[in-house]
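**Q**
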Amino acid sequence: MLDECKALSNETRLRILDWLKDPEANFACGDTAELGVCAGLIQLKAGTSASTVSAHLAVLQRAGFLRATRRGQWIYYRRDEARIRAFTETLHRSL
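Note that the UniProt record's numbering numbers the sequence shown so that position 63 is 63, with each residue one more than the last.
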């Protein structure tokens, strides 16, 4: 549970998770919306470098909050709602 809490301790990572709650409203995904949101669109919205966004996405993925799908040269990210729900339930029981 510590890794998950650390992943959520960064404002940019929290914003990314929030944006991915409603990808259609926050990103112009087009016909790839079912896959998730490509890292490039997340980078543009975050206003940071590709390497910084990549690091944030990796932390969120390792914590289990994001799932990644590779299609060609692109990687698409979407929230793992079941994992997020399990984490919040565990956190609620622990506190």
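For glycine and all other residues, C-beta sits at the position ideal for the given N, C-alpha and C.
Only a predicted model underlies this, so the values are computations on that prediction, with no experimental measurement involved.
Under the three-state reduction of DSSP, which class applies to ALA68: helix, strand or coil?
**A** Of the three classes helix, strand and coil, the one that applies to ALA68 here is strand, per DSSP.
**Q** Which partner residues of TRP74 appear in the DSSP bridge assignment?
**A** Paired residues: ARG71.
**Q** What are the uninterrupted segments assigned as alpha helix (DSSP H) that are 4 or more residues long and contained completely in the UniProt domain "HTH arsR-type" (1 to 95), given in chain order?
**A** If we require 4 residues or more, the alpha helix (DSSP H) runs fully inside the UniProt domain "HTH arsR-type" (1 to 95) come out as 2 to 7, 11 to 21, 23 to 26, 39 to 46, 50 to 62 and 81 to 94.
**Q** Are the beta-carbon atoms belonging to VAL59 and GLN43 less than 8 Å from one another?
**A** No, they are not a contact pair.
**Q** Check the C-beta distance from LEU20 over to ARG71 and give it rounded, since I have them as a contact under 8 Å.
**A** With a Cβ gap of about 17 Å, LEU20 and ARG71 do not count as contacting.
**Q** Let me check understanding here. Comparing Cα to Cα, which of THR69, ARG13 and TRP74 lies closest to ALA46?
**A** Out of THR69, ARG13 and TRP74, ARG13 has the C-alpha closest to the C-alpha of ALA46.
**Q** What is the C-beta distance between GLU4 and PHE87, in whole angstroms, given that I count them as a contact (C-beta under 8 Å)?
**A** That pair is a contact at about 5 Å.
**Q** I'd like to check one pair, ARG78 with ARG67: are the Cβ atoms closer than 8 Å?
**A** For ARG67 and ARG78, yes; Cβs fall inside 8 Å.
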